[in-house]
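Okay, structure first, notes after.
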Amino acid sequence: MGNGSRREFLKAATAGVALGMTGVPDLGWAASPPDLAVISGEPAVAVRKALELLGGMSRFVQKGQRVALKPNMSFASGPERAANTSPAVVAAVAAACMEAGAERVVVLDYPLQTAEQCLQRSGIREACRPIAGVHVAAFTERKFFREVKVPRGKVLDRVEILAEVLDSQVLISLPQAKSHSTTGISMGIKGLMGLIWDRWSFHGKYNINQALADLATVLRPQLTLLDATRALTTGGPGGPGDVAEPRLVVAGTDPLAVDAYGVTVCPWYGQRFTGRQVEHLAVASERGLGLIDVERLRVHKASV
Amino acid sequence: MRTAIQAGSLLAFVGLFALANVRLPEWLPVDLYLRLDPLLLLGAVVAERAWIARALWALPLLVATLLFGRFFCGYLCPLGAILDFFDPLFHGGRRRRPPAPEAAWRQVRFALLAVIGAAALGGLSLAYLLDPIALLTRTFTYVFAPAAAVIANLGLDLVRPAAVRLGWIDLAYLSLPQPAYFTALATAVLFAGIVALGRVAPRFWCRYLCPLGALLSLTAPLSLFRRRATAECTACNRCRSACPVGAIVEGADPVSPRDCLLCRRCAEACPHKAVRFPALPAAGERFSRAGEHGPVALSRRTFLAATGGGLSLATLTEQTPFSRLHGKRQLVRPPGALPEPAFLRLCLRCGLCMQSCPTNTLQPCLWESGLAGMWTPRLALRYAPCDQHCAVCGQVCPSQAIRGLPLAEKTHARIGTAVLKKELCLVWAQDKPCLICDEICPYNAIVFRTVEGHRRPVVIAARCNGCGFCEERCPVKGEAAIVVVPDGEIRLEEGSYRAEAERLQYQFVPHPGDDRFFFSGPDPKPDGPPAPSPPAPGKPRGFL
Chain A
550 MGNGSRREFL
560 KAATAGVALG
570 MTGVPDLGWA
580 ASPPDLAVIS
590 GEPAVAVRKA
600 LELLGGMSRF
610 VQKGQRVALK
620 PNMSFASGPE
630 RAANTSPAVV
640 AAVAAACMEA
650 GAERVVVLDY
660 PLQTAEQCLQ
670 RSGIREACRP
680 IAGVHVAAFT
690 ERKFFREVKV
700 PRGKVLDRVE
710 ILAEVLDSQV
720 LISLPQAKSH
730 STTGISMGIK
740 GLMGLIWDRW
750 SFHGKYNINQ
760 ALADLATVLR
770 PQLTLLDATR
780 ALTTGGPGGP
790 GDVAEPRLVV
800 AGTDPLAVDA
810 YGVTVCPWYG
820 QRFTGRQVEH
830 LAVASERGLG
840 LIDVERLRVH
850 KASV
Chain B
7 MRTAIQAGSL
17 LAFVGLFALA
27 NVRLPEWLPV
37 DLYLRLDPLL
47 LLGAVVAERA
57 WIARALWALP
67 LLVATLLFGR
77 FFCGYLCPLG
87 AILDFFDPLF
97 HGGRRRRPPA
107 PEAAWRQVRF
117 ALLAVIGAAA
127 LGGLSLAYLL
137 DPIALLTRTF
147 TYVFAPAAAV
157 IANLGLDLVR
167 PAAVRLGWID
177 LAYLSLPQPA
187 YFTALATAVL
197 FAGIVALGRV
207 APRFWCRYLC
217 PLGALLSLTA
227 PLSLFRRRAT
237 AECTACNRCR
247 SACPVGAIVE
257 GADPVSPRDC
267 LLCRRCAEAC
277 PHKAVRFPAL
287 PAAGERFSRA
297 GEHGPVALSR
307 RTFLAATGGG
317 LSLATLTEQT
327 PFSRLHGKRQ
337 LVRPPGALPE
347 PAFLRLCLRC
357 GLCMQSCPTN
367 TLQPCLWESG
377 LAGMWTPRLA
387 LRYAPCDQHC
397 AVCGQVCPSQ
407 AIRGLPLAEK
417 THARIGTAVL
427 KKELCLVWAQ
437 DKPCLICDEI
447 CPYNAIVFRT
457 VEGHRRPVVI
467 AARCNGCGFC
477 EERCPVKGEA
487 AIVVVPDGEI
497 RLEEGSYRAE
507 AERLQYQFVP
517 HPGDDRFFFS
527 GPDPKPDGPP
537 APSPPAPGKP
547 RGFL
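Just so you know, the sequences run in chain order A and B.
All residue numbers for the first sequence refer to the numbering used here, where the first residue is 550 and numbers rise by one.
All residue numbers for the second sequence refer to the numbering used here, where the first residue is 7 and numbers rise by one.
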């Protein structure tokens, strides 16, 4: 199985890159930004290109605004493990926010493992250190969270969310593409679970797929940029597991569309899936939280 | 001058204490004061009946006391400094009268020393109970450090709104970890009691109770520097009331060197400048005086009673159910802890391991392993896990009851094994899609297997070193559905844990796991009320 899936993956990846390089024309691109920008290349450069195709960071961040960046920063391991967002991606987005005139950027997460170790070993704190106005913080105390109502919630009626996120004008989600032993994959929508205090109830008390859709009704990032430069295809969310290298950055304003596309960039657990086959994405789609069918999206692919 | 030295020593003590944390550089002996303490170290050597390397550090103080008297008590002891600094509070112009009969009280510290010594001979460590350095370090760990964190966090909470508004994010989201300990109140009460005894007499503790002072008193009379009164002395007795330890006996100008702390308060108080502390007696001065080298202020009867008491205590402690249960491993001990009997004899109960522990999982025992185990560290894994990037507890341990190990060795110092309690587990008992233990385990020792058609978490014991992340994070309320028990712990007197773990075929490395197993068989619909949809046949969980 390992061999077959690798061949499949390589074929798919090559095809994807080739498509990107031949520059398949994208209808409507000239008129308005595409739904998704899918860029192949070095992380930092790919991020820049993706932002440019989506209309520039100034589309999302206005002068003087406060920005919250939510990467995966939950595990005390380096980028090679693919359990955290790569530092290069986080730093590139943070820098773009500052260039767009943000008052400040706070890169934040509620880490699963020891906070200090996560900040250090993920490499994210180090990568953001040189950028003025960017702060990296891990929150592990309840006093930093604030309860909000979930008016459209089906199973969740209220939830405690990081106050810094609630008080920021812009939320940008920077998920790492990875497998997840409960939700299949963990990308934009699943990643938002890192912003709430009582995530444990999602595993015990609630139907996690419904609860994630509920959470997505109150946490609406203006931009989701999926780090699929590497993908943890088994052993997620923490790894270690098999790490594929799609070398892609997938960005868009619709977190569901980003996730749905992210599902297709490589096989998960050795199998190919579509967004509709991921239960929490299917639930989010039923609840009208975004577009799930990749073929109906305007995707601009490029290689840098 | 004296006050400055005392303050400096107290600051050094506090500074070293504060440096006992996970970022501690390897060369820095933060346990310096404990290492220097001959009562603790030699007590441990006697109890263990084996030389321990760090006991060498304790010899200089004994030798120095031989030369210079009890300068340690007068100038360096951090507890002595605290008692001196508190003293003005109790003074209040009131004349304090020593408790009567004073001679009987003066026996107490020597009697305690005899009890401790005899108990050590019998293999029971008791020095920790009243040794001032152990007691003070313990008080700092359980009481002062948590209190300091409370105060600092209150301050941070106060400035937070302003900091958020001003955009000082690093300050706004700064919050110190708040340690907390079982036994904190008992420790605080004991310490407060020692300070409050100053109301009865200045340095009541040092005069009557301190067993370390008693040990130093044994060698002090041979010291060079001794108080002498010159011919100008008019016997006005002002020195007598100035002496904090009542070492100046009426009518006798050379004090009892067993009691004198060389603090020079008598010299300061003397209106005639008649008090000197010469290295050798000047011509015409009496070199010695009856009583100066006299016997220790401890009657033969009390000595025999104390020694007998200590020995019987040691013997009785050996015969409690606690000591027989040691073989059955009741408690999860820190990684690298010596085998239980040696661990109990060497542990100084200073609490420095707990102070340095970054997760606060190290907690003091109260009575879980009886008198012999009071204040010894154990892991409270439901409360906090053992950080797998840290090996600081052994590094700071002054007696090496917890061996100082490099991280790779510490990882293999297995402290126990996780055991899954199926009747409590959300997955086993309720078929809920919980994966937290699997997700958090640093070594992938918890994997999902298809059991009778259902995906169920199981523990691969050979990959579990007992770190306890699973137990701490288990979302079940009350007792966790997965708990670490001391079974299978590796405790070595010497030699490599890594080699031992390999011999026993354990493997503690981040492991890719075997998630692929999900595909091997279809998961049929579970019986009973289902949580979310069961995985589609042949698909991993989460996929339709």
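Backbone N, C-alpha and C fix where the C-beta goes; we use that ideal spot for every residue, glycine too.
Remember, it's a predicted structure, so these values are computed and weren't measured experimentally.
Any C-beta of chain B under 9 Å from that of residue i
| i | result |
| --- | --- |
| residue 852 of chain A | no |
| residue 784 of chain A | yes |
| residue 648 of chain A | no |
| residue 825 of chain A | yes |
| residue 758 of chain A | yes |
| residue 661 of chain A | yes |
| residue 693 of chain A | yes |
| residue 653 of chain A | yes |
| residue 818 of chain A | yes |
| residue 835 of chain A | no |
| residue 794 of chain A | no |
| residue 609 of chain A | no |
| residue 718 of chain A | no |
| residue 595 of chain A | no |
| residue 788 of chain A | yes |
| residue 840 of chain A | no |
Residues bridged to residue i (per DSSP)
| i | result |
| --- | --- |
| residue 496 of chain B | Answer is none; residue 496 of chain B lacks a bridge partner. |
| residue 589 of chain A | A:797 and A:852 |
| residue 695 of chain A | A:710 |
| residue 612 of chain A | According to DSSP, which records beta bridges pairwise, residue 612 of chain A is partnered with nothing at all. |
| residue 168 of chain B | None; residue 168 of chain B has no bridge partner. |
| residue 510 of chain B | Looking at the DSSP assignment, residue 510 of chain B forms no beta bridge with any residue, so it has no partner. |
| residue 282 of chain B | B:234 |
Within-9 Å CB hit, residue i to chain A
| i | result |
| --- | --- |
| residue 545 of chain B | yes |
| residue 179 of chain B | yes |
| residue 444 of chain B | yes |
| residue 170 of chain B | yes |
| residue 470 of chain B | no |
| residue 482 of chain B | yes |
Proximity of residue i and residue j at Cβ, strictly below 9 Å
| i | j | result |
| --- | --- | --- |
| residue 765 of chain A | residue 833 of chain A | yes |
| residue 776 of chain A | residue 724 of chain A | yes |
| residue 646 of chain A | residue 610 of chain A | yes |
| residue 774 of chain A | residue 599 of chain A | yes |
| residue 353 of chain B | residue 405 of chain B | yes |
| residue 375 of chain B | residue 401 of chain B | no |
| residue 40 of chain B | residue 133 of chain B | no |
| residue 451 of chain B | residue 424 of chain B | yes |
| residue 709 of chain A | residue 746 of chain A | yes |
| residue 312 of chain B | residue 121 of chain B | yes |
| residue 586 of chain A | residue 778 of chain A | no |
| residue 548 of chain B | residue 829 of chain A | yes |
| residue 357 of chain B | residue 144 of chain B | yes |
| residue 320 of chain B | residue 127 of chain B | yes |
| residue 824 of chain A | residue 808 of chain A | yes |
What residues from the segment 721-751 of chain A come within 8 Å of chain C, judged by C-beta to C-beta, listed N to C? Absent from the structure: chain C. Protein chains present are A and B.
Quick one: complete beta strand (DSSP E) runs, 3+ long, within the segment 699-746 of chain A? 707-711, 719-723, 725-729 and 733-735
Would the segment 53-69 of chain B and the segment 361-376 of chain B be scored as touching if the rule is three or more Cβ pairs under 8 Å? no
Starting from the N-terminal side, write out each stretch of the alpha helix (DSSP H) that is 4 residues or longer and does not extend beyond the segment 420-495 of chain B. 432-436, 442-446 and 475-479
Any chance you could list the beta strand (DSSP E) runs of at least 3 consecutive residues sitting entirely within the segment 629-680 of chain A, in chain order? 653-658
Does the segment 49-56 of chain B touch the segment 13-26 of chain B, meaning 3 or more C-beta pairs lie closer than 8 Å? no
The segment 156-175 of chain B in contact with the segment 392-405 of chain B per 3-pair CB rule at 8 Å: no
With a floor of 4 residues, list each alpha helix (DSSP H) that falls wholly inside the segment 320-401 of chain B, ordered by position along the chain. 327-331, 346-352 and 358-362
List in chain order: all unbroken alpha helix (DSSP H) runs of 4+ residues lying wholly within the segment 17-91 of chain B. 38-41, 44-54 and 65-74
With a threshold of 8 Å, are at least 3 pairs of Cβ atoms found where one atom belongs to the segment 503-511 of chain B and the other to the segment 422-441 of chain B? no
Cβ pair count under 8 Å reaching 3, the segment 731-742 of chain A against the segment 675-691 of chain A: no
At least three beta-carbon pairs within less than 8 Å, the segment 620-631 of chain A to the segment 788-796 of chain A: yes
I'd like to know if the segment 831-847 of chain A and the segment 68-75 of chain B are in contact, where contact means that at least 3 CB-CB pairs between them fall below 8 Å. no
Evaluate the contact criterion for the segment 231-241 of chain B versus the segment 188-208 of chain B: three or more CB pairs, one atom per stretch, below 8 Å. no
Going along the chain, which unbroken runs of the alpha helix (DSSP H) with 4 or more residues stay wholly within the segment 172-255 of chain B? 175-178, 190-202, 217-225 and 244-248
Please determine if the segment 812-820 of chain A and the segment 724-734 of chain A are in contact, where contact requires at least 3 C-beta pairs separated by less than 8 Å. yes
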